[in-house]
Structure formats: C-alpha cells, structure tokens
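Below is one structure, written out as structure tokens, with a few remarks after it.
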C-alpha cells in the first residue's frame, strides 16, 4: 500500500505491504541503512529511532502505523553526542552505535522531562541527577556486544553535564 | 510474516463494529508483542486494526478518587505520571522494571495486559505447545523451565505471565474496562487473567469482539507506601524470575493492611491471598513474613529447573515486607 | 578497484599528532565519524540493481534423512523467485579436507557439510532450503511454508549423557591432545595438600549484534560477495574452490564487520548458500540471517566438563597438576577447543598431566569463540588455584607467585617476556587487595555480601603472514593496502599510526585500505594475531620504501627534506614498496615467510598476560550477583593506541562477565534443539550489568615482536569468570564450579 512517512524532516512516499516494519522500510525501501537490525525482536535496541522525539524500536513498529509521525534516524541526527562517542571511544564495531546514539538522545529528553527510571531512588523526585547508575539503567535497552559500555556512559555523561 | 489487511480505526465505534463483523481480527496498539508474535508465525490475523489513533489516552481522576487510565496510555507515560508516582509507586516501579525504555515508550496499558508468555517453547514453532497449538503437548514440562511457573500451572501448560505491570495492578485491585458493540463491562483484574487448566490457549476474560478501553485504579491509601521488587538474571532488561508487589500498613507493631502479589512464578499475575490472610493482624516480624510466604508457596509444583523459585519467592517476599516495615518505622 | 574513501581517508577527530609521535598516542579511531553518523555500510547494506532477498529454512530434527520436501506453497507466495532445496540447488564441489601445506588459507568451512547438496541432516538448525524473493517480506512469508518430512535417526544431543563416549583427542601441529610430565597421579596422592575438583561450563554463543549476512553477485564466472567475515582471503579461496572458478575471480568485501568474536572466521552456510542462490536465480542475492538462524547455524562454543586436581607442598609449591577435559564437536565438523592450554603454561608444577577428550555429537559444529581454550581453561585452573590457596591458608596471589616458572612448564621454552609477577603486584596495589579480609563472608554492605577475587589472564601469541603494499605520493600522502579486517578493533587506525612513524610522515597523511580481497592478502583476524602480523609487513614495506626514497633523495639532492620532496624532484608521482604479492610465486614467498616467522616464533614461549581483580556483591536475600569493581592489569607488550587498546581489553572483560553471570546456550537434551535462539533467551550483559572497568598495562615491549606488539583482543576475557567465581566464594563462602553463576546457585 502507498504510505507517506516523515523522515528526518522530509516526506517520503513508499509502497509497502502492511507487514513491513518501520525498520525494513528504512533499510530496504529508503536506503537509510544507518538504523540497524540486530535481533528483529525488540531484544537488542540496534534499531532504535526517534518517533516524535521518543525512542522506539523500529523492528516492532509497522511502517504503516507511523504515518504522520516525525521519524528521526541516525542520518538525521546532528548532536554533540556523536563527537562525544568518538572521543570517549563509545563503540568498537559500530553496529549498535546508531541505536545507542538515538537512544541516548531520547533518554536525555526523558530525563529532562523528569521521567523516572528503575534506578531512581525516590520515584516522586523529578529532578534527580543523571548519574552513572541512572545512565546505565536507562540505556539498558541497547546491547553492545563489543562491550563499549564504559565509553558510552562517559560520552553521555559528558554531554549531559 | 503472513500478510494481513490493515485498517486504521478513526474512532472506537468503527473499531468495535469492524471486529464484531469479521473473523480473525486483531487490534494493534504499541505492537511490541503482537508484531513480534506475527513475525514468529504465532499470531496470524487476517485483519489488523490499528487503534493507536483512538482517543483512549487520558489519565484522569474520577470524583470518588479512582484514577482512570486510557488503554492507549503508554507504559512510560503512566510510570512518569505524578499521580501514579505518588499514590501507586508500586505500579510506577513495576512498569519501570519491565522491558526497556524504547519498549515502554511503545507499549500501551491495554496491550501490556494482553502480553503473551515468553516461554521459549511457545515461541518455537518446532516445539509442542498447548497454548500455541492446542492439543500438541507441552515441551516446557521436562524441558528448560527456569522461566516457568510453579503456581497455577497445569499438566497442559506451565507458562508464566510475563507482565510486571499486571502484578502491580492485581495488587491494587484494578478494574479493566472493556467495550464491544454490546456495551461496556468492567472486569476485576483478578478475573481478567486465567490459569491455563486444560485450555491454556484461552488466556483472558476478554471476548473476541471486545476492546480494552481503560483500567481503573481504586483509591488504595496503603499503596502510597508500596514497592515492587524484581529478581532476574540480569540487572536490567530481563523478565522476572520472581517479582513481588507489596503494600504494608502497620500500627503498634501489628499489620493493619497488607497487599501482596507475585510475578514470574505463576501462570497469571498472582495475588497472594493466603499470605495476606495470615499476615493481617499479625505482628510485623520476619518470622511471620516467612510463615505467610511459605503458606502461599505451599501448593507450588516445581519443575527440575525452577524449584529454586519456591525458595526465592519466599525470600523475596520477606525482604520486601521487611524493607517496607523498616521504612515505615523510620518515617 | 573501488575506493575506500570512508574507511581510509579520515584521520578522525584528533588530528594533533606530531610527526614521529603517532605510535603510543590515543588517537580517535579513524572510522569514528562514519560510525556515529550511520554512514558505514555493513555487509547486508550493499545494494545492487535487481537485488533479491533470501531466507533460510532450517531442519527441525537433529539427525536424519529428508524424505520429502514440498516447496509448492512457498513458491506460490507472490514475489518468490525460487525455492532451492537439495533437489534443485546447483551442484557445487564438495567441501574438501584442508591441507595446511598446500593451502595457506585454511579450509575455513565451519562444517563438513555440502549445504543443499545432501538429503542428510546433521543438526537441528541445519539449513536445508532457501527462499529467494523480490522482497524480504515475501521471503520471510514463504520460508515457513516449506514442508519437510524426515526419516529421523537416533541422535547424540545430551552432552552430560555423552561423557562416557568421549575419546582422547589427537590435537595438531600447534596443540597436543595430551601432555605428561612425571607421574602426576602419584604425586597428587602423595601431596601434603591437594584439591581434586570438577568444573563445568555451558555452550556459549557469540551473538555479535550484526547478524551474519552475505550479498552475492555473479557476473559471468566472476563472483563478488559482501560478507560478514573475519577472513576475506580464505573465504574467497574457499568459495572459488566450491564453485570451481579461479581464486582471482572471487572478490570478497568486508570493510566493516559488526562484531565477530570468532563467529565470522569460518564460512557458515549463509555465505555458500547466498552464492549458490545468486547463481541459480541469475540475480544478486542478499541473505541476511535472522537472529534465530545465527543461533542455530553459525557455530558457538562447546560446553565442557573438567576434572582438575592440584597437589602442593604445605608451603604452596605445586607438585602435581592434572586436568582432564571433555569437549564436543559436531558430527559435521567442529573443533577441538584447547581447554587445557592455561594448565600447560601457567605454573611450574613438578608433575603434570593434561588430557583433552572429545565427544562428537549431532549438534551444530562448534567453532572459535574469543579466547578459545583459554576462556574455559582459565576458569577451571584459576578457580582451582583459589580453592588450593584456601586449603593452604595462603593468599591466592602469593600461591600463584610461588609457582612462577622459570621456563615454559610444557616444553621448557624460554619466555620472550613474562611479567606476571609485576601484573599481580601492581594490580594488587591499585585495587586495594591488601584491604581484603581473606575470611569468606566477612565483608558486608547492608543486604549485600561483598567479595574480592583475582585470577591470572593468559593468551598465547600467534603471528601469521600478510602481504602489504605501501605507496608514497609526491603530495606527501601515503597509502597502506592490506586485506585485513575491521571488526571493531581499530585496526586501520593502529596500522596508520605504525606506518606514519615508520615513514616519518604525519599521521593524517596516511590512508589505509583494507577489508577487500583484491588488496594484498591479509591474515585472518583471529587469535589476536592481526595487529602484529600486519605490523610486521607494514614495517618491512615502509623500511623498503624508505630505502628507495633515500636513494632517490641522494640522487636528487633532497636528502634531509621531507620524503615527498625526492619524488617531486625526480618528477615521480609516487613510489611503492611491497611485501609479498598475489602471484603464484608471491604466494610461495608468503608461505615461506609464514614458515620462517612461525619457526622463529616457536623458539619462544610468547603470551599476553594479566591479572584480573574484581569485587562482587551478592544479595543476602535473593542471591543476585552484581559486579561492583573491576581492574585488569595486563602485560601486553607495546600498546600502539591506548584508547582502542583499552576498549578492546574492557570489551573482553565484559564478555567474560557475561560468561560468568548469565550466558549459556540452551540446547534441549531431549532433541538437540537450540532454544536460546534469541537475545531474549541468551542473556548477554546490558549496560546495568557493567561497572566502570579499570584497565591498564605494564607497557613493556616484547623484544621478539615487531615494535614489541603482542595482540590483546582476547587476553582480557581470560581469567574473568574465575575472578568472579573466586570473589563470589569470598563473599558467600560458596564455590560455584558450574557456569554461569546464576542466583539460584547462591541461595
């Protein structure tokens, strides 16, 4: 079916079957391969993109459902986190990296809005500090098999300051 | 994935009419479970009705103090809501301990209630599973059963219910509002999920033509002092081996109100009525906590891989109640 | 040749590198910008006109014969181009046995199986058909519709039950199945103090986040593949053999690999089947494995059971060391994992006996996984050493240092370098080991029992051979070409640093091309060999180039000026130097260089070493285990790039933590089916599991290696599980001898 997606600020028309995920639409129909497929089951976070600024797993999103939403992929990201990741060596192979960065952008926004995490000691507290424990818990939806977790946390901490 | 026809419902009435008039239809909200199940070939509806544009996204307080949460409120929004965080911290915590931030941003309250088990034999088309293919058997019995249930299981199915949120809702006596073309009805959460018995494929009280439109959280003053503890194989992003939702009120050393529910150990979100009855009016001591937990787990029927859950559940119950009690005395 | 603009041209963010000062500097990795902007393309992401999408169909029995395979329903799905099975797939040459003398690129086949050319099934998960379609959606829809009937055969799938069928393993040129010194059993019986223990480890899965994928394109008898491989040259030669075309007509690209860890060394079914399917349909084919396919069809680490016995004098001198290990292979291939390697090389026991036993099983063939042999072996040996230390009431570090050998305990070779003592001493000081009360269960923080543990890290050095071409241009830039691999190690960055200093030019002026089999042939990336292997040839080529430039400078009177001045004066656009070549003669030369280096390296006992320290917390109520602190102090020779080296070491520790805490393949002992076939059921560590990991190194170059480099990709994983288990014992008083250390074992 004909659908229209708004991706990185521009409207894209494409013809996809309803079962095509947002992830496959990006990678296979629009050539936006920066968003990665790691598990296709919502268990790794490599496919994380932003929908209206909120981080989601594109593998579990049907493309047709996301018409009218503003989708941001790594190709549309221009954020201090990117340079921070390079400096802190927050990756090795780079495969999970776009997902980590999109996730971190969404995470910083959530924290700014006062959203709690499972690591938040006092749930009623909306202005807690984004310390390492908070970052690790909030980023746990993004696996990194190279084990670059320390670098990722450093990069995020630097930008969150 | 098997192809399906896709409709985006403009309003609730259309959604309900469509499902009433056709066979083999599924509502699709956040997609975190249904899309996965369709990709695995476990669910294969002919028609999918996208309900994400329906106006079921409110969180409002009713005159009697009940909080009404629209079925399409996302998990992350519910957990971040100030009313929930202060009045029902157990619920906020349960949600935040589930899945990942990305999944919580997508998943809805209604969808969370309809989550299907993560039993690996249910997910594997080559394995026998009475839930997926009624009558085929249960390969989880005698198989890898670390994730399986010790309470509420039958010889046909030992799959756990995976939701954390639902455990908190069971503890809170939430009510599920469902709607069909025939009208609206309210189902107490305790009656919403079913134990497998000999029909493990029938998991909830929801009829084929019904839509969850809201959940209602009754006023539970004791819940302001409640908590959720989840024990699992990773520090985050893992399903529960055991989880405990609890609220405790103590006066002069005696328990005046207690609510207790368990996750990860049962085929449905498990309200620990036996333990609650023993605890009510008893002294708030570790021994009493342990005795009550033991009574609750007494009917447990373990598999070789999950015997430890009986002990773990009891230990976790004691730890949670002990902590609630200590915090209470401290405050 | 295609350009490698993204891979080679960018020096990275940090460009302030002084001439001659690149080596040892923590420069940012060169592909950093491309990786954080989503610009890099991994194998599955190369698009070709007319591309088709393929999906595998897997066997659901462990052993048997396919008696019927019906593709009617699958073929009827709109968009399906072909469904290939053993009945209609192109016949290709069978897998041949590897001959190390004839073929330097080892036979890299992960299995001995002729995919889709046989009706035999050797493991549950074996690919038995492939669907090729216009879209991935159509392929995914059709694949489950292939109907298969089997005549099943009895299958050996229960590792625990197969123990008695294990037989002594032969080993090979580099690794003997059995070593013996004195009479270890007798010495054990006579020992003043002894332990005799059994340790078991489960199968493990690599689970690189990038699933295996291949894009295969035929143009006449020329084959191009973009493949997730850590051995492009071997893969190319292997495909050439299977498809009966000259090796020069197969080109393998792997500019970026999304993690490998050994999973992408051997050629797994997807690569062969993609090329087969592309041949059959006459169009380019993309075969990207699903996570389930990765889990069921691309190797994994063997499970193991081990008896380990240590005998010692009252003052802690080892008189006996025995390890009997049982691991498995598949009935269609697999390897002997050298789990007794640490036991052979770490301690100077007077009497030693190590035996590797193998049991073939009807399971997916096992393969290399980071630190094969040492990851398991170090858990076994280093846990047992800790147990012995407690039997002796000795500090675990003191026990280890008391048994430091003067020469390699197996074979008696001299150590090229051995700073094990320094690693322990410096590590202990930095970690605060002295603050540890050795009494188990003596340290507590609220509801958490606290424990500290340590273990030795060890990984032997292997060096292979690489062809390299270096070109200096008259604009002062240099180009280094070598078909090596980048799976996240920072390989190109490090080789650029080495070349810059060797040529005496600025780091930013060096471009490196890699990951393409059309380049001068590089080594496979495994066994932590690549940095030293490529450096050997880069240094040789740069030295040759420098000689040529000096001669030219003398002739043109530009001596003393920058190297490119000579070229400009001589009006030569560039000048080149090579090590090795692709000609047959060149290949023979490479082989002889390999043997020379190999024999030279064999004179020494060489290894990366280290001391792992960790602090754990175990919840007194629930048994939950958390790692709260980590220090790895390593002896890894000269470090070229401290930034990427630290990342590699940390990453390896993280993988070791996964092995310790949560990772295990769940292979159903009733039918051999891999049930941990997703990242929801195979638990790799998440952010929340990993504390800050402190790593450091002694920074002493190994004098027998080029620039003193010792590979460091794997040593960081060794000793990790033992350090955790030892810390858990310290915290709880419980010895966990069966990985992973899940909370139920601590209740």
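Chains as they are written, first to last, in the working numbering: chain A, -13 to 147; chain B, 629 to 959; chain C, 194 to 940.
Beta carbons are placed, not taken as given, at the ideal position from N, Cα and C, and that holds for glycine.
In this structure residue 456/C is in contact with residue 492/C, their Cβ atoms being roughly 6 Å apart against a cut-off of 8 Å. Each residue's CA atom was taken as its position, placing residue 763/B and residue 790/B some 23 Å apart.
When the beta-carbon positions are compared, residue -7/A and residue 59/A come within less than 8 Å of each other. Of all alpha-carbon atoms in 905/B, 939/B, 659/B, the one lying nearest the alpha-carbon of residue 734/B is that of 659/B. Following the DSSP letters along the chain, one finds residue 411/C in no alpha helix (DSSP H) but inside the beta strand (DSSP E) bounded by residues 406 to 412. Per DSSP, reduced to three states, the secondary structure at residue 807/C is strand. Taking 8 Å as the CB threshold, residue -2/A stays off the interface with chain C.
With fewer than three CB-CB distances shorter than 8 Å, the region 22 to 36 of chain A does not count as touching the region 644 to 651 of chain B.
Taking a cut-off of 8 Å on C-beta distances, the region 104 to 122 of chain A does not touch the region 825 to 845 of chain C, as fewer than three cross pairs fall below it. Relative to residue 712/B, the option among 138/A, 85/A, 109/A whose CA is nearest is 109/A. When DSSP assignments are scanned along the region 715 to 776 of chain C, the uninterrupted stretches of beta strand (DSSP E) that are 3 or more residues long and fall wholly within it turn out to be 767 to 772. Of the residues 823/C, 671/C, 526/C, the one whose Cα lies closest to the Cα of residue 304/C is 526/C. Every alpha helix (DSSP H) stretch that sits fully inside the region 875 to 959 of chain B and reaches 4 residues is listed by chain position as 901 to 907, 914 to 925, 936 to 958.
Between residue 509/C and residue 587/C, the CB-CB gap stays under 8 Å. If you draw a 10 Å sphere on the C-beta of residue 793/C, you find fewer than 16 other C-beta atoms in it, and that means exposed.
Using beta-carbon distances, residue 514/C does not count as an interface residue toward chain B, since no partner is under 8 Å. For chain C, the residues of the region 852 to 877 of chain B that bring a beta carbon within less than 7 Å of one of its beta carbons are 859, 861, 862, 863, 864, 865, 866, in chain order.
Around the beta carbon of residue 71/A, a 10 Å sphere encloses 16 or more other beta carbons of the protein chains shown; the residue is thus reported as buried. Residue pairing from DSSP places residue 343/C in a beta bridge opposite 259/C.
Judged by DSSP secondary structure, residue 737/B falls within the alpha helix (DSSP H) whose first and last residues are 737 to 741. In the three-state scheme derived from DSSP, where H, G and I count as helix and E and B as strand, residue 653/B is classed as strand.
One thing to note: residue 459/C has its Cβ within 8 Å of the Cβ of residue 301/C. Note on the region 789 to 853 of chain B: whole beta strand (DSSP E) runs with a minimum of 3 residues are 803 to 808, 811 to 816, 839 to 845, in chain order. Distance from the Cα of residue 282/C is smallest, within the candidate group 376/C, 397/C, 322/C, for 322/C. By the neighbour-count definition (other C-beta atoms within 10 Å, threshold 16), residue 358/C is an exposed residue. Of 640/B, 740/B, 633/B, 737/B, the smallest CA-CA separation from residue 48/A is found for 633/B.
Taking C-beta separations shorter than 7 Å and ignoring five residues to either side along the sequence, the partners of residue 405/C in its chain run 421, 457, 461, 463, 482, 487, 491, following chain order. For residue 13/A, the closest C-alpha among the options 236/C, 229/C, 215/C is that of 236/C. In the structure shown, the three-state DSSP call for residue 51/A is helix. Look at residue 240/C: its C-beta is under 8 Å from a C-beta on chain A. Between the region 647 to 662 of chain C and the region 523 to 542 of chain C, the count of Cβ pairs shorter than 8 Å is three or higher; the stretches touch.
Here the C-alpha atom of residue 681/C lies approximately 35 Å from the C-alpha atom of residue 937/C.
In the structure shown, the three-state DSSP call for residue 704/B is helix.
Comparing C-alpha distances from residue 866/B to each of 923/C, 883/C, 877/C, 905/C shows the shortest one belongs to 877/C. With contact defined as three or more Cβ pairs closer than 8 Å, the region 808 to 815 of chain C and the region 608 to 618 of chain C are not in contact. Taking 8 Å as the Cβ-Cβ cut-off, the region -3 to 24 of chain A approaches chain B at 3, 4, 5, 7, given in chain order.
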